[in-house]
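Participant:
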Amino acid sequence: MPDPFADLLLRLRQDAGRTQEEQADAINAVSGRYTMTRREISRYESFENIPTNHTIGHIAAACGVPFEELQREAKAARARKRKMHAHAGEDQGDVKRRTLLGGAAVGVSAAAEPWGRLAMALGKGARIDSPSAVALIDRAAELHVQELNLSARRLQSTVESHLDAITAALPRAGEHERALTIAAGETAALAGWVAWDLGELDKADAYYKVTSQCAATAGHPPLRALALTYTSYAASTPKTKLEFLAQAANDVRGRGNATAAAWVLGRHAEEAAAAGDETAALRALDRARFAYDFADHTSEQPWVRFVTPYRMDSLALSVYGQLRRPELASTADTAVVRLGDDLPDGGVVVLGDLASALLRGGDIDQGVYVSRQFATAAQAKPNTMGKERAATVAAALPDREQDLAVYLRQFAS
């Protein structure tokens, strides 16, 4: 007979619809560390080992069950192990507790994909302890920062595992339901962005829709703005892109949304410039910069943490380069000074926009020079936005730089 606690851990994983490797990823997503392995999950489920209380907290958050209940079961298991009764029968109290915990995620795994499980979980609030809720919310914020320096392929499993962890917690969210729903939407939006980068367009669209659903459920318009702004990259026509961004701008009006407004308006300026509407582009860029003067990207919505001063530089460079504006030279100088000698997270994007802007603006020699810097930096710090920039830079390079263009296209793909 397996030990009741080992059996409980097995059932929690199975009810969440995860393999042992996926369970390890989910626990790592909650903890923010990458120390849990499939082998360790196997050891827990075969009762070769019992997780520490610290790890139990992460397992509880990943599976959406109360920490205290799981801790109590682990304590009992340790006592059995000490007494060398690992194979003893379980009493009725064990059965009842195991049934309670094992049923916490029932129904969550019924859908085949993470966004489907999240959609099923919305609105089924119960209870989860505050430390677990805070850990899940904080981890959602950290993932948006990791997007600056991780490739989409490396980021995808971590993001989807964390979305699974929040999904498992939502049916027991209780007083934390709104905050966890918002964190779920933020994570789903990032999952959509990563899927889009990997060419999984239908999956990206599904994630964005669930992000909007989370926004509606939580009554949190800025979350819909996040989905709309990400969606704008994949929209089929300039008109549709601008419509998405106009709606997003309405969703981020008001106190506490300055950074989000700056990003949305900057994207609007970028797309207006691409459409050849110079007046609208410059007006939107001015509004974006004005909003950013009042912004604090470290303390507003968690997902705006990627909207650093470097990101605002890249938006301005993109706009001025497309419009061939004289402000390009001074903006480029400012961006280079801000980057400094040690390329920061997000600096790859700035180099890409700078290279593209210089090439479009007619400064070919300097543009090629920066393009080579960008190619080196993008290889060292591959990320979603860097890959997109690689394709743009490759298209703008002169014929004499076809080797560099081919390299950047391969990198982008």
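With this note's numbering, letter number 390 in the sequence shown gets 1166, and the count goes up by one each step, no holes.
Note that beta-carbon positions come from the ideal geometry of N, C-alpha and C, so glycine has one too.
Under three-state DSSP, which class holds V1083?
Facilitator: coil
Participant: Using a Cβ-Cβ cut-off of 6 Å (strictly less than) and excluding sequence neighbours within five positions of A1071, which residues of its own chain qualify?
Facilitator: A1034, T1035, A1038
Participant: Where do the N-terminal and C-terminal ends of the alpha helix (DSSP H) with L956 fall, by residue?
Facilitator: 953-973
Participant: If you compare alpha carbons, which of F1187, D1069, H1044 is closest to R1059?
Facilitator: Out of F1187, D1069, H1044, the CA that lies nearest to the CA of R1059 is found in H1044.
Participant: Would S1008 pass as an interface residue toward chain B - the criterion being a Cβ-Cβ separation below 8 Å?
Facilitator: Within the model displayed, chain B is absent; a lone protein chain is all it includes.
Participant: Excluding five sequence neighbours on each side, which residues of the same chain lie with their C-beta closer than 6 Å to the C-beta of K1163?
Facilitator: A1188
Participant: Whole angstroms is fine: what's the gap from A888's alpha carbon to A1067's?
Facilitator: With a pLDDT of only 42 at A888, under 50, the local geometry of the prediction cannot be trusted, and no value is derived from it.
Participant: Can you tell me whether Q932 is helix, strand or coil according to DSSP?
Facilitator: helix
Participant: Based on Cα-Cα distance, which residue from G995, F823, Q922 lies nearest to W1079?
Facilitator: Q922
Participant: Given Q1077, which residues of its chain have a CB within under 7 Å of its CB, disregarding the five upstream and five downstream residues?
Facilitator: Cβ within range, chain order: P998, A1036.
Participant: Quick check: what's the CA-CA separation for L956 versus D1053?
Facilitator: 40 Å
Participant: Over what stretch of residues does the alpha helix (DSSP H) that includes E1019 continue unbroken?
Facilitator: 1014-1027
Participant: Can you tell me which of R954, A1024, T1013, H996 puts its alpha carbon nearest to the alpha carbon of Y1006?
Facilitator: A1024
Participant: Find the nearest neighbour of D973 within the set E962, Y1009, T963, judged by alpha-carbon distance.
Facilitator: Closest by alpha carbon: Y1009.
Participant: Excluding the five sequence neighbours on either side, which residues of its own chain have a C-beta within less than 6 Å of the C-beta of E1047, listed in chain order?
Facilitator: The residues are K1017, L1018.
Participant: With a 10 Å radius around its C-beta and 16 neighbouring C-beta atoms as the bar for buried, classify Y810 as buried or exposed.
Facilitator: exposed
Participant: Applying the criterion that 16 or more other CB atoms from any shown protein chain within 10 Å of the CB defines a buried residue, is L977 buried or exposed?
Facilitator: Label assigned to L977: exposed.
Participant: Please give me, in chain order, every unbroken run of the alpha helix (DSSP H) with length at least 4 that falls completely inside the stretch 1054-1081.
Facilitator: The qualifying runs are 1054-1069.
Participant: In angstroms, rounded to a whole number, what distance separates the CA positions of A1170 and A909?
Facilitator: 44 Å
Participant: What's the C-alpha gap between L846 and G975?
Facilitator: Taking the straight line joining both Cα atoms gives about 40 Å.
Participant: According to DSSP, is Y983 helix, strand or coil?
Facilitator: helix
Participant: Just confirm the distance between the C-beta atoms of S1094 and A1133, as a whole number of angstroms; I'd bet it's less than 8 Å.
Facilitator: 6 Å
Participant: Where does the unbroken alpha helix (DSSP H) through E798 begin, and where does it stop?
Facilitator: 796-807
Participant: For the stretch 794-804 and the stretch 937-947, state whether three or more C-beta atom pairs, one from each stretch, are separated by less than 8 Å.
Facilitator: yes
Participant: Quick one: Cα of D914 to Cα of L931, how far?
Facilitator: Spanning the two alpha carbons is a distance of roughly 17 Å.
Participant: Terminal residues of the continuous alpha helix (DSSP H) containing T813?
Facilitator: In this chain, T813 is not harboured by any alpha helix (DSSP H), its DSSP state being neither H nor E.
Participant: Verify whether the separation of the beta carbon atoms of R954 and A994 is less than 8 Å.
Facilitator: Contact: yes.
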